[in-house]
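Engineer: Throughout, my numbering is defined as the position within the sequence shown, counted from one, plus 7.
C-beta: ideal position from N, C-alpha, C; glycine also.
Let me begin by handing over the structure; questions about it come next.
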Amino acid sequence: MSDDEAREEKELDLTSPDVVTKYKSAAEIVNKALQSVISKCKPKAKIVDLCEQGDAFIREQAGNIYKNVKKKIERGVAFPTCISVNNTVCHFSPLASDDTVVEENDIVKIDMGCHIDGFIAVVGHTHVIQEGPVTGRAADVIAAANTAAEVALRLVRPGKKNKDVTEAIQKVAAAYDCKIVEGVLSHQLKQFVIDGNKVIISVTNPETRVDEFEFEENEVYAIDVVTSTGEGKPKLLDEKQTTIYKRAVDKNYHLKMKSSRFIFSEISQKFPIMPFSARALEEKRARLGLVECMNHDLLQPYPVLHEKPGSPLIHFNNCCLQKRLMTMPKSKHGWPWEQRQRRKVEERRKKARKGMPRMMQPNRKRRTVHQIAQRLS
Numbered sequence: 008m009s010d011d012e013a014r015e016e017k018e019l020d021l022t023s024p025d026v027v028t029k030y031k032s033a034a035e036i037v038n039k040a041l042q043s044v045i046s047k048c049k050p051k052a053k054i055v056d057l058c059e060q061g062d063a064f065i066r067e068q069a070g071n072i073y074k075n076v077k078k079k080i081e082r083g084v085a086f087p088t089c090i091s092v093n094n095t096v097c098h099f100s101p102l103a104s105d106d107t108v109v110e111e112n113d114i115v116k117i118d119m120g121c122h123i124d125g126f127i128a129v130v131g132h133t134h135v136i137q138e139g140p141v142t143g144r145a146a147d148v149i150a151a152a153n154t155a156a157e158v159a160l161r162l163v164r165p166g167k168k169n170k171d172v173t174e175a176i177q178k179v180a181a182a183y184d185c186k187i188v189e190g191v192l193s194h195q196l197k198q199f200v201i202d203g204n205k206v207i208i209s210v211t212n213p214e215t216r217v218d219e220f221e222f223e224e225n226e227v228y229a230i231d232v233v234t235s236t237g238e239g240k241p242k243l244l245d246e247k248q249t250t251i252y253k254r255a256v257d258k259n260y261h262l263k264m265k266s267s268r269f270i271f272s273e274i275s276q277k278f279p280i281m282p283f284s285a286r287a288l289e290e291k292r293a294r295l296g297l298v299e300c301m302n303h304d305l306l307q308p309y310p311v312l313h314e315k316p317g318s319p320l321i322h323f324n325n326c327c328l329q330k331r332l333m334t335m336p337k338s339k340h341g342w343p344w345e346q347r348q349r350r351k352v353e354e355r356r357k358k359a360r361k362g363m364p365r366m367m368q369p370n371r372k373r374r375t376v377h378q379i380a381q382r383l384s
């Protein structure tokens, strides 16, 4: 390896100020895109229009930076905008022909991602379409998700382990008589890698285990937290709802159908690494071609999962950089504690207190998320 190649390889982590700047630029863009989508998230708004609004905003803003550089820099959407409503957990980004709309009192989960030169920032936020404060069980689950996300961000630091985060967020959810949703993974991020091998699992069980590891400096993680008032065990109800895919770069197969070859060629040119929405492809050909691509593992699907009806779900997702304990700009969740009226049933409190650190116990005095996080860390 030449000196220039070695220097370029070294600059790919957070020891390079340029890399940190690109991460922060991506984070600023995706947060602005989030606010743009929230502003349009009103009763009768079509979900597909909201998704297209988020993606278009990211493409436009990312295209306006790093224009006058010698080496071309790839930039744009790192994860398509998804709008998952009520008991839908994630990855709902419908095709253009879908007429689904959001309604008054819907709990709307918004996910999206931006990258600058492959350095990725993702965000997940929950927006409730209603006037006035959120109360009851919806307030419980919102507070649980927001607090768990803040606690997780404080625990992702050099010297701590991934299991520490898993255990802490489950204790936080229990304090609100809620569940952390199973199957949700928080991945390490690297250049052009949105799902790194280092993983924080939301809930451990015999079927889903991950390798234990210790966080190190100069690492980047996307912290993904989803809480539910239900069982926290989402299910795939309809494979036809899946529209988000990522090319499996390590797989090859000679496709038989002409439509499949056409679609896979388009995917390889437009979306060689990052996840994409089938909405970005020609819809009729995509319906035919994606099936054969999936049958031969050329694409990795992001399925649309659902909790049982009547179980409010809340999702928050942020990124953090492990460089002197620095956190990237986070989404402004907009959930003042005054709007979170937790249930005041003493039996619930006693159950939540059992076996928990004192600062996490839901007692009569309101605790701030920073107090809870400092106690856990």
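On the three-pair Cβ rule with 8 Å, is the region 274 to 293 touching the region 90 to 109?
Structural biologist: yes
Engineer: Am I right that A151 and V135 are in contact with their C-beta atoms under 8 Å? What's the rounded C-beta distance?
Structural biologist: Actually they are not in contact, since the Cβ atoms of A151 and V135 sit about 14 Å apart, beyond 8 Å.
Engineer: With hydrogens ignored, establish whether the beta-carbon of S46 is closer than 7 Å to any heavy atom of the ligand HEM.
Structural biologist: Inclusion of the ligand HEM in the displayed structure is not the case, the ligand content being empty and no account of it being possible.
Engineer: Take Q195 as the anchor and find which of A229, E111, K51 has the nearest alpha-carbon.
Structural biologist: A229
Engineer: Count the other CB atoms within 10 Å of the CB of H98; is the residue buried (16 or more) or exposed (fewer)?
Structural biologist: buried
Engineer: Are the C-beta atoms of I201 and some chain B residue less than 8 Å apart?
Structural biologist: Checking the listed chains, one finds no chain B in this structure; it contains a single protein chain.
Engineer: Report the residue from V129, T22, S91 whose alpha carbon sits nearest the alpha carbon of A40.
Structural biologist: V129
Engineer: Rounded to whole angstroms, what is the Cα-Cα separation between G362 and N324?
Structural biologist: For G362, the pLDDT reaches just 46, beneath the cut-off of 50, and the residue's location in the model is therefore unreliable, although a value from the coordinates is still provided. Computed Cα separation, rounded: 27 Å.
Engineer: If I measure Cβ to Cβ from P319 and keep anything under 6 Å in the same chain, skipping five residues before and after, which residues do I get?
Structural biologist: I114, A145, V148, T236
Engineer: Closest to R396 by C-alpha separation, out of V163, R292, A69, I207, would be which residue?
Structural biologist: No information on residue 396 is available, as it lies outside the stretch 8 to 384 that the chain covers here.
Engineer: Name the DSSP beta bridge partners of T142, please?
Structural biologist: Beta-bridge partners assigned by DSSP to T142: none are found.
Engineer: Would you kindly check if the distance between the Cβ of H313 and the Cβ of L244 is under 8 Å?
Structural biologist: yes
Engineer: Tell me which residues share the same chain as G296 and place their Cβ nearer than 6 Å to its Cβ, disregarding the 5 neighbours each side in the sequence.
Structural biologist: These residues qualify, in order along the chain: S266, S267, I270.
Engineer: So A33 and I127 are in contact, right, with Cβ under 8 Å, and what is the actual spacing, rounded?
Structural biologist: 6 Å
Engineer: According to DSSP, is L306 part of a helix, a strand, or is it coil?
Structural biologist: strand
Engineer: Counting Cβ pairs closer than 8 Å, one from the region 156 to 165 and one from the region 61 to 76, do we hit at least three?
Structural biologist: no
Engineer: With a threshold of 16 other CB atoms inside 10 Å of the CB of K178, please say whether the residue is buried or exposed.
Structural biologist: buried
Engineer: Ends of the alpha helix (DSSP H) at N169?
Structural biologist: 169 to 182
Engineer: Suppose only complete runs of 4+ residues qualify. What are the alpha helix (DSSP H) ranges in the region 37 to 81, listed by chain order?
Structural biologist: 54 to 70
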